[in-house]
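Its first residue numbered 1, the sequence shown is counted upward by one per residue in the numbering used here.
Working notes for the structure below.
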Amino acid sequence: MQTNNPLVLFPYWISVLLLLLTNQVTASVLPRAEPVPGGVALVALDGHSRKAPRVEYEGRRIMVLRDRERWVAVVGIGLGAKPGEHHINLLHEGGNSTYPFTVRDKAYETQHITISDKRKVNPNKLDLERIGRERKLIRAALDTWEQTPSVPLPLSLPVDGRLSSPYGLRRFFNEQPRKPHSGLDIAAPKGTPVRSAQSGQVVATGDYFFNGKTVFVNHGQGLVTMYCHLDSIAVEPGSRVERGEPIGTVGMTGRVTGPHLHWGVSLNRNMVDPSLLLPEPAPADKSTVRP
Ligand SMILES: [Zn+2]
Numbered sequence: 001m002q003t004n005n006p007l008v009l010f011p012y013w014i015s016v017l018l019l020l021l022t023n024q025v026t027a028s029v030l031p032r033a034e035p036v037p038g039g040v041a042l043v044a045l046d047g048h049s050r051k052a053p054r055v056e057y058e059g060r061r062i063m064v065l066r067d068r069e070r071w072v073a074v075v076g077i078g079l080g081a082k083p084g085e086h087h088i089n090l091l092h093e094g095g096n097s098t099y100p101f102t103v104r105d106k107a108y109e110t111q112h113i114t115i116s117d118k119r120k121v122n123p124n125k126l127d128l129e130r131i132g133r134e135r136k137l138i139r140a141a142l143d144t145w146e147q148t149p150s151v152p153l154p155l156s157l158p159v160d161g162r163l164s165s166p167y168g169l170r171r172f173f174n175e176q177p178r179k180p181h182s183g184l185d186i187a188a189p190k191g192t193p194v195r196s197a198q199s200g201q202v203v204a205t206g207d208y209f210f211n212g213k214t215v216f217v218n219h220g221q222g223l224v225t226m227y228c229h230l231d232s233i234a235v236e237p238g239s240r241v242e243r244g245e246p247i248g249t250v251g252m253t254g255r256v257t258g259p260h261l262h263w264g265v266s267l268n269r270n271m272v273d274p275s276l277l278l279p280e281p282a283p284a285d286k287s288t289v290r291p
C-alpha cells in the first residue's frame, strides 16, 4: 500500500471536495441564530419525514428548512418578547409535540432623534385615523404565507450605502419615547437604486404616514422584506422580482431626517434583525450615527 503517497490520495481529496461542494449546493442556507428579542431561534426537529412538518409559534405558522438530514424550525422572535422559555408546536396527525427554546435578554442602545415636522411625532386626529388604517394594510402584507419548498437565503443589502441606524435602538423622537427601531437604516443619496434583497413577489406597495413610499416583497414561508421612505416605486403588486433587481429609489418620504432606506425583515410577522439573514453581520454598528 502506498497510502502516504500524495499522488495516490489526490483523487480521494478531489472526491471529498466535490462532495462538500455538492452538499453546499443542496443544503439550505439558514439565518444566524441569535435567540434574543428581535432575533432568530433555530430549533432542530426530530423525525425524518420527507415532507416539511407544520410548526407554529404564538399560533402562527413558521418557516421550516431542510438542513442536511433534519428539519430545522426558523423562529422570528418579536422585539417585545420576554426573555425566558418559549416554545414552538410541531403539528402532526397524532397530536402535537412541543419544543422549548430559551430567549436571552439583549440590551439595545438608546437613540434620540429630533423631527422638525411635529405632526410626525404627535399626529392629529385625522392622521391617527390614517395611521390606524395603514397599520392594518401593513400587517396584512407582512402576514403573507406561501408554502414554498425552500426559501432564498441569504439576503443581500438592498442599497450601497452607510449603515446609519442599526436594528433595535430604543428611540426617543423629540424626547418622547416611541417604538424601538425595527429595521436597519442605510443612508444613501436620494435616487440611489433600491434592490430586492432576494427573489420573490411584490405583495403590496403603498405610501404611508410614517413609512412613506414602501414596497413589500414576499420570499416564501413567512419571510417578507419591506423597503421604506422610497422616492419612487418601480414595481407593482404581483410583480416577480429577482435578487438585486431595482424596485425603487432611496428617498425621504414619511418620518425621516434625511434620505435613507429603512429596511425591514419580517419572519412569521415579527420584524427581526435583518443582519441575521445577511451572509455576514452588518458592519460597524458602533461607528454609525443617525441620518
Ligand atoms: Zn429605520
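Where is the CB? At the ideal position from N, CA and C, for every residue including glycine.
8 Å contact criterion, which Ser-182 and Gly-264 should meet: CB distance rounded: 6 Å
Option in Trp-71, Val-72 and Pro-123 with minimal Cα separation from Arg-178: Pro-123
Start and end residues, beta strand (DSSP E) containing Asp-127: Where Asp-127 is concerned, there is no enclosing beta strand (DSSP E), although the alpha helix (DSSP H) it sits in stretches over 125 to 142.
Beta-ladder partner(s) of Tyr-108, from DSSP: Answer is none; Tyr-108 lacks a bridge partner.
Coarse secondary structure for Gly-244, derived from DSSP in three states: coil
Lys-213, buried or exposed, once every other Cβ within 10 Å from all chains shown has been counted against 16: buried
Heavy atom of ligand 1 within 7 Å of Ser-165 beta-carbon: yes
Distance CB(Gly-222)-CB(Ala-188) smaller than 8 Å: no
Beta-carbon proximity check, Leu-91 vs Leu-278, cutoff 8 Å: no
Contacts around Trp-71, its chain only, beta-carbon distance under 7 Å, and the 5 residues preceding and following it disregarded: Leu-45, Ala-52, Pro-53 and Val-64
CB of Arg-170 within 8 Å of CB of Tyr-108, strictly: yes
DSSP-derived helix/strand/coil call for Ser-275: helix
Assigned exposure category for His-48 - 16 Cβ within 10 Å defines buried: exposed
At least 3 beta-carbon pairs within less than 8 Å: the region 236 to 249 vs the region 128 to 139: no
Cβ-heavy atom distance, Asp-185 to ligand 1, below 7 Å: yes
Buried or exposed (CB count within 10 angstroms, at least 16 for buried), Arg-195: buried
Same chain only: Cβ atoms within 6 Å of Glu-242, ignoring 5 sequence neighbours per side: Ser-199
For Lys-82, three-class secondary structure by DSSP: coil
Beta bridge counterpart(s) of Val-29 as assigned by DSSP: Answer by DSSP bridge pairing: none, since Val-29 is not bridged.
For Thr-205, the residue or residues it bridges with in DSSP: Val-215
Where Arg-54 sits in the DSSP three-state scheme: strand
Gly-206 and His-229 closer than 8 Å at C-beta: no
Leu-131, buried or exposed, once every other Cβ within 10 Å from all chains shown has been counted against 16: Leu is not the amino acid found at residue 131; the sequence shown has Ile there. Exposed.
Any non-hydrogen atom of ligand 3 closer than 7 Å to His-181 Cβ: Ligand 3 is not part of the structure shown, which contains ligand 1 as its ligands.
Local conformation of Leu-21 per DSSP, three classes: Note on Leu-21: pLDDT 48, under 50, position unreliable in the model; no value is reported.
Beta-carbon proximity of Gln-80 to Val-272, cut-off 8 Å: Here residue 80 is Gly; the residue named in the question, Gln, does not match the sequence. No, they are not a contact pair.
Buried versus exposed call for Pro-274 [16 or more other C-beta atoms within 10 Å across all chains shown]: buried
Leu-276 beta carbon less than 8 Å from that of Val-40: yes
Arg-66 in three-state terms, based on DSSP: strand
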